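In full-length UniProt numbering, the protein residues as written are 1 to 99.
Shown next as structure tokens:
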């Protein structure tokens, strides 16, 4: 299993970073399996008349928009149902499947 090791400095702290293409793929496939089995879904996005269940963690890692929504002091951070405006259900469905 090839693993790349890098050292970097972030905010004055010495940080060691490990990168693995194999691990990255297993995390992605793990989230996909949970999604397909409808397990541990913790948010429902309401778009048009459709309800999209998802994992906040996955959305936040794949989108700065969702990262801010779920980590900043916004009301959506603590909600399990969020009404989304300005999106189409068809378009968001494609985005969610891509993630």
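Glycine included, C-beta positions come from ideal geometry on N, C-alpha and C. Please read all numbers here as calculations on a predicted model, not as lab measurements.
- Within the same chain, Cβ atoms closer than 6 Å to the Cβ of residue 34 are found at 40, the five residues on either side in sequence being excluded.
- Residues 47, 48, 50 of the same chain have their beta carbon placed closer than 6 Å to that of residue 89, with the five preceding and five following residues left out of the count.
- Per DSSP, residue 55 is not a residue of any alpha helix (DSSP H), being assigned neither H nor E.
- Note on geometry: alpha-carbon atoms of residue 16 and residue 94 lie some 35 Å from one another.
- If you draw a 10 Å sphere on the C-beta of residue 54, you find 16 or more other C-beta atoms in it, and that means buried.
- Distance from the Cα of residue 43 is smallest, within the candidate group 86, 60, 25, for 60.
- Your pair residue 52 and residue 98 does not check out as a contact, with CB atoms roughly 13 Å apart and the cut at 8 Å.
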